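Notes for the one structure printed next.
Okay, here's the thing in structure tokens:
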């Protein structure tokens, strides 16, 4: 059995498929990143108890 | 897709396009359009990125259910001329690959829709995939001639999911958008079944034209066209309707019922003389019907300033 080399015929045959999968994955990364940016920047200002006086948190049970 | 295939003699190397074809891109385009309308006509709006994600993952979920359908139905797809060239029956894609892609993309689309919008929309998408892949494909399609009626429900969910993605709840507008597509699907497909020499019979899929005869199918087309009228009219009178929707409702439903009436009044002997002209016209009209009805909702939404 010959070992797979960089020039194996398989790489040529599967190039378009690999490219497609690669681009689809890149697209997914871009979407998750974009969605994260939107969710974080549009959310209410997030605060939590950190041993400092935060009047905004009073009465919220936190 | 396993590495073992490196040395196996696989005569054909599937391309990315073969896998994409598993997602039924043409059906997906209708899903994108109706889901987009459901999303845009809602009284509140999403951030454009969230809206884009919602549409993308609704479409991906629909595509996933298409892949599951092609995995399960490969045996009957191979028998029928219209579907014999699909990736699985033609041997370009292995059945196991179609199953893996279907299951994987189902999970991805539901989780991503939940993250992008809300749990209710994601649950509805999950139910739609289940309904199409299990209830329709595995159970009803080969069992009852009313398979089209029930299968139509799966195609009717997208505008409702779009609406719920924005509002978080199901309201009467969403139900009526669902109901329009639900009632529209049977006459649309039965008209097609009348003028295509279908081979559903060879594949063992019960179609109304075969099980109950063509005159019964003609009656059913008229009945559903008539039942569609109050549904479409009601939608035009809700908060998403408006003058344009009302006009579209009046014109399109008059034409639709008239077309169905023509189909009902003739028999196959008469239809043969003009090569099923009335049936073909009705089928074409049915495509415009849905497109223009949802387009009218968009126009009214822009008139209200929602868009």
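Chains as they are written, first to last, in our numbering: chain R, 1 to 62; chain A, 1001 to 1307. For every residue, glycine included, the Cβ atom is placed at its ideal position computed from N, Cα and C. Just so you know, these numbers come straight off a predicted model, no measurement behind them.
Is the shortest distance between the beta-carbon of residue i and the beta-carbons of chain R less than 8 Å?
{"i": "residue 1015 of chain A", "result": "yes"}
{"i": "residue 1115 of chain A", "result": "yes"}
{"i": "residue 1050 of chain A", "result": "yes"}
{"i": "residue 1047 of chain A", "result": "yes"}
{"i": "residue 1011 of chain A", "result": "no"}
Reducing DSSP to helix, strand and coil, say where residue i ends up.
{"i": "residue 1175 of chain A", "result": "helix"}
{"i": "residue 49 of chain R", "result": "coil"}
{"i": "residue 1267 of chain A", "result": "coil"}
{"i": "residue 1307 of chain A", "result": "coil"}
{"i": "residue 1109 of chain A", "result": "helix"}
{"i": "residue 1084 of chain A", "result": "coil"}
{"i": "residue 1118 of chain A", "result": "coil"}
{"i": "residue 1240 of chain A", "result": "coil"}
{"i": "residue 62 of chain R", "result": "Low local confidence applies: a pLDDT of 49 at residue 62 of chain R is under 50, so the model's placement there is unreliable, with the coordinate-based value given in what follows. Three-state DSSP puts residue 62 of chain R in coil, outside helix and strand."}
{"i": "residue 1284 of chain A", "result": "helix"}
{"i": "residue 1170 of chain A", "result": "coil"}
{"i": "residue 1258 of chain A", "result": "helix"}
{"i": "residue 1309 of chain A", "result": "This structure cannot speak to residue 1309 of chain A, because chain A is shown only from 1001 to 1307."}
{"i": "residue 1253 of chain A", "result": "helix"}
{"i": "residue 1142 of chain A", "result": "coil"}
{"i": "residue 1151 of chain A", "result": "helix"}
{"i": "residue 1276 of chain A", "result": "coil"}
Checking contacts by CB at 8 Å: is residue i closer than that to chain A?
{"i": "residue 20 of chain R", "result": "yes"}
{"i": "residue 34 of chain R", "result": "yes"}
{"i": "residue 54 of chain R", "result": "no"}
{"i": "residue 40 of chain R", "result": "no"}
Considering only the beta carbon of each residue, do residue i and residue j sit closer than 8 Å?
{"i": "residue 1190 of chain A", "j": "residue 1150 of chain A", "result": "no"}
{"i": "residue 1050 of chain A", "j": "residue 1122 of chain A", "result": "no"}
{"i": "residue 1019 of chain A", "j": "residue 1134 of chain A", "result": "no"}
{"i": "residue 1118 of chain A", "j": "residue 1168 of chain A", "result": "yes"}
{"i": "residue 1223 of chain A", "j": "residue 1293 of chain A", "result": "no"}
{"i": "residue 1042 of chain A", "j": "residue 1055 of chain A", "result": "no"}
{"i": "residue 1176 of chain A", "j": "residue 1244 of chain A", "result": "no"}
{"i": "residue 1213 of chain A", "j": "residue 1125 of chain A", "result": "no"}
{"i": "residue 1259 of chain A", "j": "residue 1291 of chain A", "result": "no"}
{"i": "residue 1196 of chain A", "j": "residue 1155 of chain A", "result": "no"}
{"i": "residue 1235 of chain A", "j": "residue 1241 of chain A", "result": "yes"}
{"i": "residue 1173 of chain A", "j": "residue 1128 of chain A", "result": "no"}
{"i": "residue 971 of chain A", "j": "residue 1040 of chain A", "result": "Nothing can be reported for residue 971 of chain A: it is not among the residues displayed for chain A, which extend from 1001 to 1307."}
{"i": "residue 1029 of chain A", "j": "residue 1064 of chain A", "result": "no"}
Following a CB-centred definition, is residue i positioned closer than 7 Å to any heavy atom of the ligand MG?
{"i": "residue 1083 of chain A", "result": "Ligands are entirely absent from the displayed structure, and the ligand MG is therefore not among its contents."}
> Are three or more beta carbon pairs between the region 1010–1026 of chain A and the region 1057–1074 of chain A nearer than 8 Å?
Replying inline: Contact holds: three or more Cβ-Cβ distances are below 8 Å.
> How do the region 1074–1094 of chain A and the region 1106–1113 of chain A stand: do at least 3 beta-carbon pairs fall below 8 Å, yes or no?
Replying inline: Taking 8 Å as the limit for Cβ pairs, the verdict is that the region 1106–1113 of chain A does not touch the region 1074–1094 of chain A.
> Which residue spans inside the region 1027–1081 of chain A form an unbroken alpha helix (DSSP H) run of at least 4?
Replying inline: For the region 1027–1081 of chain A, whole alpha helix (DSSP H) runs of length 4 or above, ordered along the chain, are 1048–1072, 1074–1079.
> Are at least three pairs of beta-carbons, each pair with one atom in the region 1245–1254 of chain A and one in the region 1193–1207 of chain A, less than 8 Å apart?
Replying inline: Taking 8 Å as the limit for Cβ pairs, the verdict is that the region 1193–1207 of chain A does not touch the region 1245–1254 of chain A.
>> My parser needs the alpha helix (DSSP H) runs of 4 or more residues fully inside the region 1186–1228 of chain A; what are they?
In response: Entirely contained in the region 1186–1228 of chain A, the alpha helix (DSSP H) runs reaching 4 residues are, in chain order, 1200–1203, 1208–1211.
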